[in-house]
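Trainee: So the protein lines, in turn, are chains A and B. Sequential numbering of the first sequence, starting at 1, is according to our numbering. Sequential numbering of the second sequence, starting at 1001, is according to our numbering. Glycine included, C-beta positions come from ideal geometry on N, C-alpha and C. Since the model is a prediction, treat every value here as computed from it, not as a measurement. Please read through the structure below; I'll follow up with questions.
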Amino acid sequence: MVKTNNLQPVLDIRNVSKDFSGVYALKNINMHIFPGKVTAIIGENGAGKSTLMKIVSGVHTDFEGEVTLNNEKINFKNPKQAAENGVVIIHQELNLIPHLSVTENVFLGQEITNKFGLLDYRKMYKKTAEILSKLKLEINPSTPVNQLRVGQQQLVEIARALFMDSKVLIMDEPTSAISDHEVELLFSIIKELRTKGVAIVYISHKINELFEIADSFEVLRDGKNAGSGEMKKTSHDDLIQMMVGRDITGSFKKEQITDGKEIIRVENLCFINPENKTDFLVKDVSFNLKKGEILGICGLMGSGRTEVLEAIFGLFPKYVSGDIYIKGKKQKIKNVNDAISAGIALVPEDRKLQGLILNMDVAKNTSLANLSEVSNYGFISSSKEKELGLEFRKKLNTKVPSENIEVQKLSGGNQQKVVIAKWLATNPKILLLDEPTRGIDVGAKTEIYNLINKLAAQGMGIIMVSSELPEILALSDNIIVLSESKLTGRFTNKEATEEKLMKAALVEKE
Amino acid sequence: MTETKQIKYYLIKFQSVIALMLMCIVLSFMTDRFLTGENAWNVMRQISVNVVISVGMTLVILTGGIDLSVGSILAISGAVTAGMLKFGAEMPGLNIFLGFTLVGALVGGTLVGTFLGWFNGLTITKFKVPPFVATLAMLTIARGLTMLWTGGFPITGLGDNFAFIGTGWFLGIPMPVWISAVVVLAAVVLTKKTVLGRYIYAIGGNEKAAELSGLKIKKVKMIVYAIAGALSAIGGIIVTSRLDSAQPNAGFGFELDSIAAVVIGGTSLSGGKGTIMGTVQGALIIGILNNGLVLLNVSPFWQQVIKGLVILLAVVIEKLNSKEE
Ligand SMILES: Nc1ncnc2c1ncn2[C@@H]1O[C@H](COP(=O)(O)OP(=O)(O)OP(=O)(O)O)[C@@H](O)[C@H]1O
Ligand SMILES: [Mg+2]
């Protein structure tokens, strides 16, 4: 182990402020990042964590204050230059090029060439395969990344960063879409880097994991420093107190469902892998859901959990078989519109690609799936639309710097809230949620849980996929577990424990 | 600090209006034929066809598509209108002859344009042909149809009533300007106030998310290409009427001026971003530039070079600004 007592900070942030068209996102931030240490940065959605890291890594070049790297003032013109100087960032919003393969993405901008100056595909392929297996990611390095799930993409981003020779490695919510199992692998890699003296900046809303991986923490609140210290000397509640500036009152309590009528039944759902017709992404999965019930689905990445939701929602009718009964009546869902008219809504896992119209504002995104609600004879009433937007902004506590700001300029967590708002606004009978709280801060999570719970109490049927077992355990009436495309466990809320769920999720291949 | 930012903000926001004013000022100093009432109406009349077509082009580009066939659709629609007006239509095998009134011919021509536009939409949505290729094919097809319909010769002598559309005045304003104004107004309402308009932006902004939100992507796209076809037809009617003649090669290359107007107007070629009024400004810039270069006796060869440079400049400025924030 490296001694960390009297070290110089490798990265020193002094009095940094940043405004976007007059609105300050950061104000006089000071922070020291030490080599061979993991520094956690925490704060509510919109606190300024990502913005600060974008400044450090050369994404935002126009800011006030000073940042030094090994005592030299940095003046990066772009992220590439930052990376060349050893400051590497894994962004919160995924930044891979969709049509390029995993290998090509991993080596983008750092391609290996042979002695003729041509790309050395074999070598890059081999190296990618090595690192993927280290991350236990079972995918072919030549798969185009647009065929990967969000969690897998996140791991590819991580792999990409690991190939760069970094002095400071910034991870902006690296674990938001991956499950505990993969998190463990990531942590072992982080620990390895730490012993090599790399300074790691780790942003996460999963407070618990910070106690496992971080050495020290820095808190941001409303763009200002709001505390720092050693992880060893603090507690979960203290951190939250610093983040929110108050105690979070009223934690979440699940209401028990009254025995409702069956609202949807799925029988022998199969989803054939479009890439390989002999392989199944979902195989013979059956379950039912009652009015007011919350059904949790868990499983490791690639176990088929997202695909179950997508199959029900009519996204891949050509590859899906099995029967779906809505209120006892067999229903053919051949496309998304069929699903929506059957009263089904899906909050997709990838907010950027599947959820948001990035250059529209919050109100317009909120009303998109339900424009008939705010329009007459095909004409939109912008006052009604604004009202709808505002209603859900309040409900979900979405923070926006200004009314008409494009959603792409919101912080990640606030973007996620907009996606949820859009689907809640349709007032569905059956709500499918895929990682609904990805990137959402602790306080807002509780609010969203309460909201989901309230909706269920009003008779909505909810199916929720999540990588966070505590979330599944807290919310679900019943839980099913998938492993390798098959259903490997079925529990009631009372029976289920994290251990049991994990065990079912890890059932080996036959 | 913030004050300079504010100024910069307004400079960016009104850049095309500023560019337009600068152009007008410079031109009126360089030639005294520019700032005359006659020339002003002349320019407006010339621009109106491009405006009408470019409104359709804007809608198409907003969905993330492109329409290269506008010029050819303009030609066939104009020719069909002229043909119907002059000869009626004969159904040889059936021994039926249909005579056409002015209204009948206008409706007929517009329907032809609408149908061809709709056909573009069909190949693009149902058969997943990329818009560039589908409308490139239509560019050739519609041009060929025009040749077939006209036999390669102009159809002329279409009567005073018809000529009024392209050359007449109403309340002191040329008819083509009225027509383009109505089209622009309708399109502004469509894009800003209606559900269809919102869907157009949403599809261009993020087609996948739009699909997952239950939008009927194919239907919207078909409507948009059909509108583009209909507007090309209206352009064709104006052109035909103004010349009192349907030329087989009418509208040749119009797609380029139209795309230029849209791009100069700040609409993003990748879709989802842009406005109708931006396009109108773009069309004005191109029109005034064309007019000014002619008045200044710039050689046609140089005219092309300069026009190209202006398009580049407009887009470069746009890009630099969007990078600012
Ligand atoms: N390009 C931009 N233009 C305008 N405002 C922006 C822009 N980028 C970020 N902001 C604003 O800056 C503030 C801080 O955002 P930031 O993304 O840093 O938050 P965060 O702490 O990372 O939150 P989260 O936990 O949700 O990811 C937010 O209010 C956000 O809307
Ligand atoms: Mg963030």
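What number of angstroms, rounded off, separates the C-alpha of Met1057/B from the C-alpha of Ala1228/B?
Mentor: Taking the first residue of the second sequence as 1, we reach residue 1057/B at position 57. Taking the first residue of the second sequence as 1, we reach residue 1228/B at position 228. For Met1057/B and Ala1228/B, the distance between alpha carbons rounds to 6 Å.
Trainee: So the candidates are Asn1161/B, Glu1211/B, Ile1073/B and Ser1180/B; which of them puts its Cα closest to the Cα of Phe1330/B?
Mentor: Nothing can be reported for residue 1330/B: it is not among the residues displayed for chain B, which extend from 1001 to 1325.
Trainee: Using C-beta distances below 6 Å, list every residue in its chain close to Ile294/A, excluding the 5 sequence neighbours before and after it, in chain order.
Mentor: For this step, residue 294/A is matched to residue 294 along the first sequence. The residues are Ala456, Ile462, Leu475, Ser476 and Asp477.
Trainee: Taking Glu64/A as part of the beta strand (DSSP E), name the residues at either end of that continuous run.
Mentor: Residue numbering aside, residue 64/A sits at position 64 when the first sequence is read from its first letter. Looking at the DSSP string, the run of the beta strand (DSSP E) that includes Glu64/A is Glu64 to Leu69.
Trainee: Start and end of the beta strand (DSSP E) containing Glu218/A?
Mentor: The residue you call residue 218/A lines up with position 218 of the first sequence. Here the beta strand (DSSP E) through Glu218/A covers Ser216 to Arg221.
Trainee: List in chain order the residues whose CB is within less than 5 Å of at least one heavy atom of ligand 1.
Mentor: In chain order, the hits are Phe20/A, Ala25/A, Asn45/A, Gly46/A, Ala47/A, Gly48/A, Lys49/A, Ser50/A, Thr51/A, Pro401/A, Lys409/A, Leu410/A, Ser411/A, Gly412/A and Gly413/A.
Trainee: Check whether the segment 207 to 223 of chain A touches the segment 43 to 57 of chain A, counting contact only when three or more Cβ pairs, one atom from each stretch, lie closer than 8 Å.
Mentor: Yes, they touch.
Trainee: For the 8 Å Cβ check, are there 3 or more pairs between the segment 307 to 318 of chain A and the segment 263 to 272 of chain A?
Mentor: Contact holds: three or more Cβ-Cβ distances are below 8 Å.
Trainee: Helix, strand or coil for Tyr1010/B? Go by DSSP, reduced to three states.
Mentor: Along the second sequence, one-based indexing puts residue 1010/B at 10. Looking at Tyr1010/B - three-state DSSP - the assignment turns out to be helix.
Trainee: Give, in chain order, every unbroken run of the beta strand (DSSP E) that is at least 3 residues long and sits entirely within the segment 403 to 466 of chain A.
Mentor: Fully enclosed beta strand (DSSP E) runs of 3 or longer: 430 to 434 and 461 to 465.
Trainee: Is it buried or exposed, Val1294/B, if we count other Cβ atoms within 10 angstroms and call 16 or more buried?
Mentor: By one-based count along the second sequence, residue 1294/B stands at place 294. So Val1294/B counts as exposed.
Trainee: Runs of 3 residues minimum, wholly inside the segment 294 to 370 of chain A: which ones carry the beta strand (DSSP E) assignment?
Mentor: 294 to 299, 320 to 326 and 344 to 347, all fully within the segment 294 to 370 of chain A.
Trainee: With distances taken between CB atoms, is the gap from Leu431/A to Met460/A smaller than 8 Å?
Mentor: As a working mapping, residue 431/A is identified with position 431 in the first sequence. As a working mapping, residue 460/A is identified with position 460 in the first sequence. Closer than 8 Å, so yes.
Trainee: For Leu155/A, collect the residues of the same chain with a Cβ closer than 6 Å to its Cβ; drop the 5 residues on either side in sequence, then sort them by chain order.
Mentor: Start at 1 with the first residue of the first sequence, and residue 155/A comes out as number 155. Same-chain partners within the cutoff: Leu135 and Leu137.
Trainee: Do the segment 370 to 389 of chain A and the segment 1218 to 1235 of chain B make contact, defined as three or more Cβ pairs closer than 8 Å?
Mentor: Because the criterion of three Cβ pairs below 8 Å is not met, the segment 370 to 389 of chain A and the segment 1218 to 1235 of chain B do not touch.
Trainee: Using only alpha-carbon positions, find the residue among Lys123/A, Ser321/A, Leu169/A and Val145/A that is nearest to Ser543/A.
Mentor: Any answer about residue 543/A is impossible in this case: the structure gives chain A only from 1 up to 510.
Trainee: Does the Cβ-Cβ distance between Ile1124/B and Ala1134/B come in under 8 Å?
Mentor: The sequence position of residue 1124/B within the second sequence is 124, counting from 1. The sequence position of residue 1134/B within the second sequence is 134, counting from 1. Yes.
Trainee: Comparing the C-beta of Ala1202/B with each C-beta of chain A, is any distance below 8 Å?
Mentor: Locating residue 1202/B in the second sequence gives position 202, counting from the first residue. Chain A contact via Cβ: present.
Trainee: Would you mind working out which of Gln458/A, Thr437/A and Ile440/A sits nearest Pro428/A, comparing C-alpha positions?
Mentor: Here the question's residue 428/A lines up with position 428 in the first sequence. The candidate whose alpha carbon is nearest that of Pro428/A is Gln458/A.
Trainee: Counting C-beta neighbours from all protein chains within 10 Å, is the total for Pro436/A 16 or more, i.e. buried, or is it exposed?
Mentor: Reading the first sequence from its first residue, position 436 is the one you call residue 436/A. Buried.
Trainee: CB Ile361/A to CB Asn397/A, shorter than 8 Å?
Mentor: For the purposes of this step, residue 361/A is taken as the residue at position 361 of the first sequence. For the purposes of this step, residue 397/A is taken as the residue at position 397 of the first sequence. The sequence as given places Asp at residue 361/A; Ile does not occur at that position. For Asp361/A and Asn397/A, no; Cβs fall outside 8 Å.
Trainee: In angstroms with no decimal places, state the Cα-to-Cα distance between Leu1312/B and Ile203/A.
Mentor: Numbered from its first residue, the second sequence carries residue 1312/B at position 312. Numbered from its first residue, the first sequence carries residue 203/A at position 203. Cα to Cα, the separation comes out at about 42 Å.
Trainee: Taking the CB atoms as reference points, tell me whether Thr1279/B and Gly1292/B lie closer together than 8 Å.
Mentor: The residue given as residue 1279/B occupies position 279 in the second sequence. The residue given as residue 1292/B occupies position 292 in the second sequence. Contact: no.
Trainee: Which of helix, strand or coil does DSSP assign to Asp279/A?
Mentor: Along the first sequence, one-based indexing puts residue 279/A at 279. Correct three-state label for Asp279/A: coil.
Trainee: Between which residues of its own chain and Asp441/A is the CB-CB distance below 6 Å, once the five residues before and five after are set aside?
Mentor: In the first sequence, the residue the question calls residue 441/A occupies position 441. Here the set comprises Glu44, Asn45, His205 and Gly413.
Trainee: What does Ala1082/B touch in chain A if you count any residue whose Cβ is under 7 Å from its own?
Mentor: On the second sequence, residue 1082/B is found 82 positions in, with the first residue counted as 1. Residues of chain A passing the Cβ test: none, with the nearest at roughly 35 Å.
Trainee: Starting from the C-beta of Gly343/A, find all residues in its chain whose C-beta is less than 8 Å away, skip the five residues before and the five after it, and write them out in chain order.
Mentor: The residue labelled residue 343/A in the question sits at position 343 within the first sequence. Answer for Gly343/A: Ile326, Pro428, Lys429 and Ile430, listed in chain order.
Trainee: Following the continuous alpha helix (DSSP H) through Ile178/A, name the residue where it begins and the one where it ends.
Mentor: In the first sequence, the residue the question calls residue 178/A occupies position 178. Here Ile178/A belongs to no alpha helix (DSSP H), and DSSP marks it neither H nor E.
Trainee: If you follow the alpha helix (DSSP H) that Phe271/A is in, where does it begin and where does it stop?
Mentor: Position 271 of the first sequence, counting from 1, holds the residue named residue 271/A. Here Phe271/A belongs to no alpha helix (DSSP H); instead the beta strand (DSSP E) covers Glu262 to Ile272.
Trainee: Thinking C-alpha only, which one of Glu471/A, Ile480/A and Val347/A is nearest Val418/A?
Mentor: Position 418 of the first sequence, counting from 1, holds the residue named residue 418/A. It is Val347/A.
Trainee: Is there a C-beta anywhere in chain B that falls below 8 Å from the one on Leu514/A?
Mentor: The structure shown does not extend to residue 514/A, since chain A spans only 1 to 510, so no value can be given for it.
Trainee: Report the start-end ranges of each beta strand (DSSP E) in the segment 63 to 134 of chain A that is 3 residues or longer and not cut off at the edges.
Mentor: Entirely contained in the segment 63 to 134 of chain A, the beta strand (DSSP E) runs reaching 3 residues are, in chain order, 64 to 69 and 87 to 90.
Trainee: Per DSSP, which one or two residues make a beta bridge with Glu230/A?
Mentor: In the first sequence, the residue the question calls residue 230/A occupies position 230. Note: Glu230/A sits in a beta bridge opposite Ser216/A.
Trainee: Report whether the distance from the Cβ of Gln92/A to the nearest heavy atom of ligand 2 is below 7 Å.
Mentor: Working through the first sequence from its first residue, we reach residue 92/A at position 92. Checking the Cβ of Gln92/A against ligand 2 gives yes.
Trainee: Please list, in chain order, the chain A residues whose beta carbon lies closer than 7 Å to that of Thr1194/B.
Mentor: By 1-based counting over the second sequence, the position of residue 1194/B is 194. What Thr1194/B touches in chain A: Gly378, Phe379 and Ile380.
Trainee: Taking the C-alpha atoms as reference points, what is the distance between Ile33/A and Leu11/A?
Mentor: As a first step, residue 33/A must be located in the first sequence, where it is residue number 33. As a first step, residue 11/A must be located in the first sequence, where it is residue number 11. The alpha-carbon atoms of Ile33/A and Leu11/A are separated by roughly 5 Å.
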